[in-house]
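Just below is one structure, and these are the notes that go with it.
In the numbering used here, the protein residues as written are 161 to 354.
In C-alpha cells, the structure reads:
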C-alpha cells in the first residue's frame, strides 16, 4: 500500500509540475520572458498565494516585495536604468510612475478578476473536498493556462491606454517593449480602444 501511495504522490507532483510548466511556457510566449528562469519562481509564488486564497492585491503586493530577487542579475542594471528613464519621462509628461503603476494595477485587476474568481472558486471547492494541494494546483493551473489568451492581454493593454495620456503611454512604451512580448499585440496608442 505504501508503494501505491508513493506512486500517487509522484503522479500528482508530476501532474502539478507539468501543468505549472505549461502555464509558464504560455506566459513566457504571450506576456514576458523577462524574468527568464525566475518566471518559474514567480509562478510558484502565485500558486502558493492562490492556495492560501490571497486576493489579487495581496498577490501583486507579494510579487512586488520579491521583484528585485526575481530580476536576473544580468538584467538588474538595465532594469534600474529602465525604471529611472520611465520615471523621468513621466515627470516631464506631468505625471508619475506611481500613477502609471496604479493604472496598470487597476487594468490587470479588472481584467483578471473573472479568471481569478474561476481559479479561486475551484481551489475553494477542492479544499472543501479535502483534495491535496498538488491536485488543487494542477486544476488551478489548467484553468489559468486556458484563460491566459492574447485577447485577455490585449484587453489589459487597451484599458491601460484609456487610463493614460498619449505622453504617458509614450513614456511606458520603451519599458513595455523591454519587458513584454509586445510583438503579439496592437501597441499603437488609441485612448478609445479600452
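Virtual Cβ for every residue (Gly too), placed ideally from N, Cα, C. Owing to the predicted nature of the structure, the values given are computational and were not obtained by experimental measurement.
Classification of residue 133 by the beta-carbon crowding that lies within 10 angstroms, buried from 16 upward: Nothing in the structure corresponds to residue 133, since the chain is present only between 161 and 354.
Start-to-end residues for the alpha helix (DSSP H) that takes in residue 307: 293 to 307
contact_flag[the stretch 288 to 303, the stretch 316 to 323] where n(CB pairs < 8 angstroms) is 3 or more: no
Residue range of the unbroken alpha helix (DSSP H) whose run includes residue 237: 236 to 252
Contacts around residue 272, its chain only, beta-carbon distance under 8 angstroms, and the 5 residues preceding and following it disregarded: 216, 312, 316
Local Cβ density within 10 Å of residue 309, reported as buried at 16 or more and exposed below that: exposed
Buried/exposed call for residue 199, threshold 16 Cβ in 10 Å: buried
Simplified DSSP assignment, three categories, for residue 209: helix
C-alpha distance - residue 259 paired with residue 249, whole-angstrom precision: 13 angstroms
Span of the alpha helix (DSSP H) around residue 270: 257 to 288
Status (buried if at least 16 other CB within 10 Å, exposed otherwise) for residue 300: buried
Given 8 angstroms, three or more beta-carbon pairs between the stretch 183 to 199 and the stretch 273 to 281: no
Rounded straight-line distance, which links the Cα of residue 212 to that of residue 230: 21 angstroms
Other residues of its chain near residue 279: CB distance less than 7 angstroms, five sequence neighbours each side excluded: 210, 300, 303, 304
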